Each structure stands twice: as structure tokens, then as C-alpha cells.
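K.L.:
Pasting in a structure now, in C-alpha cells, and then I'll have a few things to ask.
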Amino acid sequence: MSKLHSFHGGIHPPTHKKESTQSPIMTAPLPAQLIIPFRQHAGEAAKPVVQVGERVLKGQLIGEPVGAISSSIHAPTSGTITAIELQQVAHPSALPDLCATLVPDGLDEWGVRQPLSYRQLSSVELQKHLRRCGIVGMGGAVFPSDMKLSHPVVVNTLIINGAECEPYITCDDMLMRERAEGIVRGIEILRHALGTDAVLIGIEDNKPQAIAAMQRAIDESSHPFKVVVVPTLYPGGSAKHLIKVLTGVEVPSGKLPTDVGVQCFNVATAYTVHRAVEHGEALVSRVVTVTGNVEHARNYEALIGTPFSDLVALSLPKADTDRYIMGGPMMGVELPAVNVPLVKASNCVIAASDALFPPQPPAMPCIRCTRCAQACPAELQPQDLYWFAQSDNFGKALEYDLFDCIECGACAYVCPSSIPLVQYYRYAKSEIRARDLEKRAADLARERHDFRQFRIEREKQEKAERLAQKERAAAEAKAAAAAVAAATPADPDADTDDTQQIRIDAALARAKEQAAAATPKNTETLTPEQRAEIEAIEARRAKIHDLAADAGADDEPPKNSQGN
Amino acid sequence: MITALWIMIALAALLGMILGYASIRFRVEGNPLAEKIDAVLPQTQCGQCGYPGCKPYADAIAKGEADINLCPPGGEEGIHKLAELLGVEFKPFGEDAQPKPKAVAFIDEQTCIGCTLCIQACPVDAIAGAAKQMHTIIAAECTGCELCVPPCPVDCISMLPIEEKLTNWKWRYPVYELRQTS
Ligand code: SF4
Ligand code: SF4
Ligand code: SF4
Ligand code: SF4
């Protein structure tokens, strides 16, 4: 047994895992309709590639990835696409997002499935396959798994996360108990793609059955994977913290695990990798825990796009249930409505009531007891971060490493003043991100404006040059003509007068030429119409400038007041 | 000994020349303070401050000719930044310069006659189109300055407020109802 390490802080909230581990995973019945969002992963949303009215087969691609960080979306069962429109999704904003509505035909007929023998495949080919199958991290971050396999540096340890530290959630626990063999096969595929030797599987000690099942599957497979039992401590299942506990290596602030030679995948991700590679199945379903204020808390294997209301109904919510939380009680978000669809990130839905989760007492001022700092696993100073966030002092918050906060809620859990600390951090983070984007947009605008100024200047110069050239040519022609005229007559008196006239003409032409070169005005050679047009434009410009200068005073944007 | 001295003198002269040349050739143009001010201005280039763009306003502030509360697109946040940068007191917006919600211009493509007047007005070249052809706004590059709205002879440009979507949604500042204690 390798030596275990520990991380700073952490808390021991009641786990409430027993309730939902009493019965095996049940396959949820086919719902009447599925709502499949095109944004179910980190990065760009997928682009729809099906038409309304089209019949699709189970596992058929309906949304293709856009850009580098993106993933595919598939039809979870066979049926007809009846709509592609904005619908409410599981997001705390309650804003709608683009979704496809699929009415199942009940046949659950698979499209083409393409199993691969991965041992012959390179890591790049495997990555392509995973991207095609829509495989993303199932632990909650839904980062495309293919991206996690492509890394520029050598990774020597693969860590498989079976810790599942958050209270109430048991989907990974049940998956390990029932499908350990598939998980182990998936881990071997990931290990092959990464080219690592060491594989450590971290599982918290409150899951003895899962530990035994995984150990048995590993023994049968004869892979040299190691199950490491870690103490139950929230948030020990956060990737950075599990890495610290298993290897003693700390992932520095702002770095990725691969930078320290480690990569981490969730057990459920390993299982979907196995289904995708060895069965050719796209990610169309997942195991989800339904628990909390319900009669029958348990885990379901449900199709992506199943409305949560269907799943919750199977578990019989108690009468006083008044809201639903997606994810765990520590990091989860309240669902805007219970009929929003299950997505790849949904590991758990908790029926909540005031009896189960008593409302937070009103927040009191911070007494700087630093209990939060003692609990913070990221070794931050939550009381300072709170102070900076609530006063919009974002520069200071950044200085105090706000972005190292994993929003675990340990600080808020121990805070005697019941301050909703995490909400302040989320607020500050999203403000900082928005400002960053604004700054980038401003830089772009400055660049474009400077370029425009430069272009206008250049055009002006070119015009002036052309004009000067023209004038010079005209003057030369005139001088030549005068010289010819001077050469012909022989009268000496007339001669002096004429030569003088020629000199005067030449001097005038030169002066004109100089003037043209110094102040480039191309108004001499214009027709009256052109002159009139220029004047009109100048007048309009002056007007625009005036309007723009006092636009701030107007309630509505300045209209086309000067007409035409 | 003498040769060494000569070598040193020659070297010194050569390096001096190189340095002198470099200081002329690579002279930093402009005013560093104005550049710092320009860096915190929103670059909308709308002219609402009374100057023909952000850079001229920055120059004016640097020279002490303009107040720091004249840029509505920058919002109060912008005034705070300027105050901090210049070490002066925060100053609220005047009556006639209040910030508006961010917007982008939109051209009604049915009505546009392709006169190119808006293209000439746009300070950041965010309008694409050629003479007698329909014009379109490149929304990602539009700063929302509204300069293209008045020149349009057929009134087909409108300013659309930027909608809140999942991609630009922000967590709100926590607001809590205080519960009555009995
Ligand atoms: S635990 Fe709460 S009261 Fe104590 S220092 Fe932290 S924020 Fe302040
Ligand atoms: S939510 Fe952030 S600040 Fe609070 S304990 Fe967790 S990591 Fe630390
Ligand atoms: S008012 Fe407009 S032009 Fe003036 S500084 Fe602000 S954004 Fe720039
Ligand atoms: S398109 Fe109109 S509103 Fe947008 S930047 Fe150009 S001139 Fe300003």
C-alpha cells in the first residue's frame, strides 16, 4: 500500500449516501419526448446537423462539434425530430438554449455502431473516435475527453477518480459496484492512449462494496492497476485534491495536472470510453442519482434528454418538495424548473424541502474567525476574498488567487455568520471574466480604429501625390510651349517682354506646384456638382459630430434628423 | 599599453555612436501617461466625450484639459479606473452624460440602399459592403458607438441592446431577504 498524503482543510458533512444505494441501477422507461440541448459540454455548442421532421436512429449524430473545444451530440433513441428551438435547460440563469426535441418511436433502434480494437490505434485516432462519440468528463466538468488525452508533455500517472466525495450522490458508487469490468476495460483504453505505466484508482473508504468490486475486476483482468482507499473527506474528489492525496504532488495555481505528469479521469468517463470504443456506442445515456425528499431514492440509467420530472416521478417525491437541485447539496445548482432535460453533466438530482434543507439563517457580518480559512482546501483566505468580492475590489480578489477557489462550499459550510460565501465568489469570478472579455474587445477596437486612421492618412497622402504629379506635368508642358514660342520671334524689344512673361509664368507655376505639394487640396479640378457634394458631406459631418457629442443627453438614439 | 588605451577609446566612441543612433531611431513616440489613460478607455470611439475618439480624449486628460467623467460608455467603473490611475477624486457623471446599456448596430437589409455613408462613419470599420450593395454590421467588431445611425439617409440602422444569453450570463450579486426574527 502506497503512502497517502493529505490536503489542507476539508469538512465532514453528513453523507446521506445510504438512501440511494439500497436498490440496483434501474433502466428508466422511455419518456414520451426527449429534449436534447446542443450545449452539454465545456466549449462551443454543437451545430445541429438534422432537420425537423427527420427520422433518426439511436446513436445518430445530430449535432457536430464546432472548433477545438467542443463535442458531438447524438440521438439517444430512434424517433423523429419534431423541433429545433430554444428551450429551458438545467442552468441557474433559467435562460433558454438551443435544443432538439425527439419523439421516440419505441423501437430503440441503433444506427451503425463501429467497435474498434484499440490496441492497433494511435492516441490521435482514439481521440478522434471519442470526439465523434461525444465523450466528455462525467464527473461534472464535462470537458471533452479527447482534449484531455492530447497533451504535449509526458504523463506518467493516470488517476481514476472514484472518490465521489459530495453528499447524496451515489451514481459512481453504484456504477463501480455493478459495472466494474467495463470501467476497468475503459481505464485500460485510457492508459493505452496516454501511454502511462502507473494507474491509481482513488475510492473513498465509505464505499466498501465498490472497492471490492473494482478490486475483483482488476484481479480478473490482470492489469497492474492499483485501487487506493482514501479517507472520506469533502472535497477529496476534486481532481487537484485527489492527485495530492494519491501522489503527494501539488498542481500549482493556474496549471493543469498534465503539467506535473498526471492526468485524471472519472470512473463514469472510463465506462463511457469502454462503451464507445469496444461497442461503438455514442454517449446517449448516463447513471443519475435521484434522492433527497423522495420515497424511493435510487439510481437510474436514463437517456440524455429525459425530463427530470419523469425521473423524479419514478421515485415518488414527497408532498412538501418545493425545489430540485442538480448535483450535490454543496456544489449543485437549483433547477429553474423540474421539466428541464437530463444532460451529460447531471450526476444527481435532489428533491429539496425546507424540512430537509432548512433555510439559511440571515447572514451576519464576518467576525474574522478564520474558520473558513481552516476549512478551505485550496488554502485561500475566504474571509478576505469575501471582503474584496462584496466591495467589487476585483483586482485584490485576483491577487488573493480567487480563481484557485473550486467553489466547494466548505467555507460557507463552517461559517458561523452564515455568509453565502460561494455566491460572492461566483459573482466576482463572472464579473472578472466579463471584464476580461470587454478589455479584449476594447483592444481589438483600438487596433481597428488605429488602422482606419492610418488608412485614411495614407489615402490622403496618395491623393496629394497624384495631384502634385499632375500639376507638375501641366507646368512642364506649359514651360515647354513657352520655350518654343520664345525661340521663334526675332524682335529684340518684344523679346525682353516675352522672356519676362515666360519667367513670371514659370514662377507662378512653381509656386502653384509648391502650394499643391504643401497643402494637398484637390478642389481646383473639380466640377461644380462635385463641389456641391463635398460641401453637403462636410455639413453632414459637422452635424454628426454635434449629434454624437450630445447623444448622451438624448433619451433615444439620434435619428436621421438632417434628412436627405 | 597605448594600444589598449586606443582600443578602449575607439570602443567607447563606437558604442556611443550606436547608442546615440538607437536613441534617435527607436525613440518612444507619444506620451506614456496618455497611453495609460487610453488603455483604460473603452475604445468605443463614439466622440460622446467631445473629442474625436478615445485617444484624443486621453491626450486631453493627460494634458489636464479634460475632466475624467466625460466618457459614458466607460461607465462609473471607467471613472473609478481613471481616478485611480491619476490619483484624483472620483467624480460622478454630469446630467448630460449618462451611460446607456451596451448595444450593437443592426442594418435592416431590406431597406439599405448601399450608399456607403455608414461605412464612412464607422470608426472601427465594422460595416462590410460596397457601393450600391447591401451593407451588414460585423456584430463582433461593432463598438456600439451609434455614429453610423445619423448618416443613414433611409433610417435603416437601429441599435439593438445586447441580449443576455447563456454565453454571456453572469452570476448576480448575492441579495438576501432578511427573515423576520420573532
Ligand atoms: S468563517 Fe465566516 S465569519 Fe468566520 S472569518 Fe470566515 S467568513 Fe468571516
Ligand atoms: S469555496 Fe473556495 S474559498 Fe470556499 S473553501 Fe472552497 S475553495 Fe476555499
Ligand atoms: S466617450 Fe466615446 S470616444 Fe470618448 S473616450 Fe469614451 S468611448 Fe472613447
Ligand atoms: S457599426 Fe455603427 S455603431 Fe457599430 S461601431 Fe460602426 S459606426 Fe459604431
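Line by line, the protein sequences are chains A and B. Anchor point for the first sequence: position 243 equals 243 in our numbering, and the numbering is continuous, going up by one each time. Anchor point for the second sequence: position 55 equals 1055 in our numbering, and the numbering is continuous, going up by one each time. For each residue, glycine too, the CB sits at the ideal point set by N, CA and C. Nothing here was measured: the structure is a model prediction, and the numbers come from that model.
(1) Does the Cβ of A:LEU444 lie closer than 6 Å to at least one heavy atom of ligand 3?
(2) Restricting to Cα atoms, I'd like to know which of A:ILE350, A:GLY59 and A:LEU34 is closest to A:VAL333.
(3) Rounded to the nearest angstrom, how far is the Cβ of A:ALA276 from that of A:ILE160, given a contact under 8 Å?
(4) Could you check where the alpha helix (DSSP H) with A:ILE160 kicks off and where it finishes?
(5) Mapping DSSP to helix, strand and coil, what is A:ALA566?
(6) Grab me the residues of A:THR27's own chain with a C-beta within less than 6 Å of its C-beta, minus the 5 sequence neighbours each way, in chain order.
(7) Using a threshold of 6 Å, is the CB atom of A:PRO329 nearer than that to any non-hydrogen atom of ligand 5?
(8) As an exercise, report each continuous beta strand (DSSP E) stretch of at least 3 residues that is fully enclosed by the stretch 1061 to 1146 of chain B, in chain order.
(9) Measure how close the beta-carbons of A:ALA75 and A:VAL56 come, nearest whole angstrom, since I'm counting them as under 8 Å.
(10) How close, in whole Å, do the beta carbons of A:CYS366 and A:ILE419 come, if the pair is a contact with beta carbons under 8 Å?
(11) If the cut is a Cβ gap below 8 Å, which residues of chain B does A:PRO336 touch?
(12) Between B:PRO1099 and the rest of its own chain, which residues show a CB-CB distance below 6 Å, the 5 nearest in sequence each way excluded?
(13) Does A:ASN522 have its Cβ less than 7 Å from a Cβ in chain B?
(14) Is there a Cβ of chain A sitting closer than 7 Å to that of B:GLN1043, yes or no?
(15) Pick helix, strand or coil for A:GLN127, following the three-state DSSP scheme.
(16) Counting only beta-carbon separations shorter than 7 Å, does B:ASP1125 have a partner in chain A?
(17) With DSSP run on the structure shown, which of helix, strand or coil describes B:TYR1051?
(18) Helix or strand or just coil, what does DSSP make of B:ALA1010?
(19) Of the residues A:SER353, A:TYR324 and A:CYS264, which one's Cα is nearest the Cα of A:GLY139?
(20) What number of angstroms, rounded off, separates the C-alpha of A:LEU508 from the C-alpha of B:PHE1106?
(21) Which residues have a Cβ closer than 7 Å to any heavy atom of ligand 1, listed in chain order?
(22) Say whether chain B places a C-beta atom closer than 7 Å to the C-beta of A:HIS41.
(23) Kindly indicate which residue of A:ALA474, A:VAL290, A:ILE25 and A:GLY305 has the alpha-carbon position closest to the one of A:SER78.
(24) Check whether the stretch 251 to 268 of chain A and the stretch 171 to 190 of chain A are in contact - that is, three or more C-beta pairs closer than 8 Å.
(25) Determine the direct distance from the alpha carbon of A:PRO104 to that of A:LYS31, and round the result to whole angstroms.
(26) Collect the residues with a C-beta less than 7 Å away from any heavy atom of ligand 3 and give them in sequence order along the chain.
(27) Residues of chain E with CB under 9 Å from A:LEU149, in chain order?
(28) When you compare the CB positions of A:GLU19 and A:ALA297, do they come within less than 7 Å of one another, or not?
(29) Going along chain B, which residues have a C-beta under 9 Å from A:TYR427?
(30) Look at the alpha carbon of A:VAL327 and the alpha carbon of A:GLU166, and state the distance between them as a whole number of angstroms.
(31) Measure from the alpha carbon of B:ILE1061 to the alpha carbon of each residue in B:GLU1077, B:THR1003, B:GLY1087 and B:THR1044, then state which is nearest.
(32) Does chain A have any CB closer than 7 Å to the CB of B:LEU1166?
(33) Give me the residue from A:VAL414, A:HIS241 and A:ALA239 with the minimum Cα distance to A:CYS369.
(34) Find out if the Cβ-Cβ distance for the pair A:ASP97, B:LEU1166 is shorter than 7 Å.
(35) Below 7 Å CB to CB, which residues in the same chain sit around A:TYR425 once its five sequence neighbours on both sides are set aside?
(36) Distance check for A:GLY43 and A:VAL153, CA to CA, integer angstroms please.
P.N.:
Based on what the coordinates show:
(1) Taking the first residue of the first sequence as 1, we reach residue 444 of chain A at position 444. Not one heavy atom of ligand 3 sits closer than 6 Å to the Cβ of A:LEU444.
(2) To locate residue 333 of chain A, count along the first sequence from 1; it is residue 333. The residue with the shortest Cα to Cα distance from A:VAL333 is A:ILE350.
(3) For the purposes of this step, residue 276 of chain A is identified with residue 276 of the first sequence, where counting begins at 1. For the purposes of this step, residue 160 of chain A is identified with residue 160 of the first sequence, where counting begins at 1. Not confirmed; about 17 Å, so no contact.
(4) Here residue 160 of chain A refers to the residue found at position 160 when the first sequence is read from its first residue. Segment 157 to 162 is the beta strand (DSSP E) holding A:ILE160; no alpha helix (DSSP H) there.
(5) Given a span of 1 to 564 for chain A in the structure shown, any question on residue 566 of chain A remains unanswerable.
(6) As a working note, residue 27 of chain A is residue 27 in the first sequence. Result list for A:THR27: GLU301, in chain order.
(7) With respect to ligand 5, the structure shown offers nothing to examine, as its ligands consist of ligand 1, ligand 2, ligand 3 and ligand 4.
(8) Correct list: 1103 to 1107.
(9) Looking up residue 75 of chain A in the first sequence gives position 75. Looking up residue 56 of chain A in the first sequence gives position 56. Contact flag correct, Cβ pair sits at about 4 Å.
(10) Along the first sequence, read from residue 1 onward, the residue named residue 366 of chain A stands at position 366. Along the first sequence, read from residue 1 onward, the residue named residue 419 of chain A stands at position 419. About 6 Å; that satisfies the 8 Å criterion.
(11) Stepping through the first sequence from its first residue, residue 336 of chain A is reached at position 336. Within 8 Å Cβ-Cβ: nothing; A:PRO336 doesn't reach chain B, min ~12 Å.
(12) Within the second sequence, the letter at position 99 stands for residue 1099 of chain B. Setting aside the 5 residues that flank it on each side, B:PRO1099 is surrounded in the same chain by PRO1072 and GLY1075, each with a C-beta closer than 6 Å to its C-beta; the list follows chain order.
(13) The residue given as residue 522 of chain A occupies position 522 in the first sequence. Only weak support exists for where A:ASN522 lies, its pLDDT of 47 falling under 50; the value from the coordinates is given anyway. Using a Cβ-Cβ cut-off of 7 Å, A:ASN522 does not count as an interface residue toward chain B, since no Cβ of chain B sits closer than that to its own.
(14) Here residue 1043 of chain B is taken as the residue at index 43 of the second sequence, counted from 1. B:GLN1043 belongs to the set of residues whose beta carbon lies under 7 Å from a beta carbon in chain A.
(15) Against the first sequence, residue 127 of chain A aligns to sequence position 127. Residue state, collapsed to three classes: helix.
(16) Taking the first residue of the second sequence as position 1, residue 1125 of chain B is located at position 125. True, the Cβ-Cβ gap to chain A drops below 7 Å.
(17) Locating residue 1051 of chain B in the second sequence gives position 51, where the first residue counts as 1. Coil, per DSSP.
(18) Here residue 1010 of chain B refers to the residue found at position 10 when the second sequence is read from its first residue. Reduced to three states, the DSSP call for B:ALA1010 is helix.
(19) Here residue 139 of chain A refers to the residue found at position 139 when the first sequence is read from its first residue. Comparing Cα-Cα distances from A:GLY139 to each of A:SER353, A:TYR324 and A:CYS264, the minimum goes to A:CYS264.
(20) The residue given as residue 508 of chain A occupies position 508 in the first sequence. The residue given as residue 1106 of chain B occupies position 106 in the second sequence. Spanning the two alpha carbons is a distance of roughly 53 Å.
(21) Checking every Cβ against the heavy atoms of ligand 1 under 7 Å gives A:CYS366, A:ILE367, A:ARG368, A:CYS369, A:THR370, A:ARG371, A:CYS372, A:ALA373, A:PRO382, A:GLN383, A:TYR386, A:CYS411, A:VAL414, A:CYS415, A:PRO416, A:SER417, A:ILE419 and A:LEU421.
(22) One-based indexing of the first sequence puts residue 41 of chain A at position 41. For A:HIS41, the answer is no, since every Cβ of chain B falls outside 7 Å of its Cβ.
(23) The residue labelled residue 78 of chain A in the question sits at position 78 within the first sequence. Scanning A:ALA474, A:VAL290, A:ILE25 and A:GLY305 for the CA closest to the CA of A:SER78 turns up A:GLY305.
(24) Yes: the two stretches touch, three or more of their Cβ pairs being nearer than 8 Å.
(25) Within the first sequence, residue 31 of chain A is the residue found at index 31, counting from 1. Within the first sequence, residue 104 of chain A is the residue found at index 104, counting from 1. As written in the sequence, residue 31 of chain A is Pro, which differs from the Lys given in the question. When rounded, the distance between both Cα atoms is 8 Å.
(26) Per the Cβ criterion, the list is B:LEU1041, B:PRO1042, B:GLN1043, B:THR1044, B:GLN1045, B:CYS1046, B:GLY1047, B:GLN1048, B:CYS1049, B:TYR1051, B:GLY1053, B:CYS1054, B:TYR1057, B:LEU1070, B:CYS1071, B:PRO1072, B:PRO1073, B:GLY1074 and B:CYS1145.
(27) Going by chain labels, chain E is absent from the structure shown, which instead holds the protein chains A and B.
(28) As a working mapping, residue 19 of chain A is identified with position 19 in the first sequence. As a working mapping, residue 297 of chain A is identified with position 297 in the first sequence. In this structure, A:GLU19 lies near A:ALA297, with their beta-carbon atoms less than 7 Å apart.
(29) To locate residue 427 of chain A, count along the first sequence from 1; it is residue 427. For a Cβ distance threshold of 9 Å, residue set LYS1170, TRP1171, ARG1172, TYR1173 and PRO1174 of chain B lies close to A:TYR427, ordered along the chain.
(30) Taking the first residue of the first sequence as position 1, residue 327 of chain A is located at position 327. Taking the first residue of the first sequence as position 1, residue 166 of chain A is located at position 166. The question names Val, but residue 327 of chain A in the sequence shown is Gly. Rounded to whole angstroms, A:GLY327 to A:GLU166 spans 9 Å at the Cα level.
(31) By one-based count along the second sequence, residue 1061 of chain B stands at place 61. B:ILE1061 has its Cα closest to that of B:GLY1087, out of B:GLU1077, B:THR1003, B:GLY1087 and B:THR1044.
(32) Residue mapping note: residue 1166 of chain B aligns to position 166 of the second sequence, counting from 1. With 7 Å as the cut-off, B:LEU1166 counts as an interface residue toward chain A.
(33) Within the first sequence, the letter at position 369 stands for residue 369 of chain A. When only C-alpha atoms are compared, the closest one is A:VAL414.
(34) Position 97 of the first sequence, counting from 1, holds the residue named residue 97 of chain A. Position 166 of the second sequence, counting from 1, holds the residue named residue 1166 of chain B. Taking a C-beta distance under 7 Å as the contact criterion, A:ASP97 and B:LEU1166 qualify as a contact pair.
(35) Counted from its first residue, the first sequence places residue 425 of chain A at position 425. Cβ within range, chain order: LEU385, ALA389, LEU402, CYS405 and GLU407.
(36) Residue mapping note: residue 153 of chain A aligns to position 153 of the first sequence, counting from 1. Residue mapping note: residue 43 of chain A aligns to position 43 of the first sequence, counting from 1. The straight-line gap from Cα to Cα measures roughly 22 Å.
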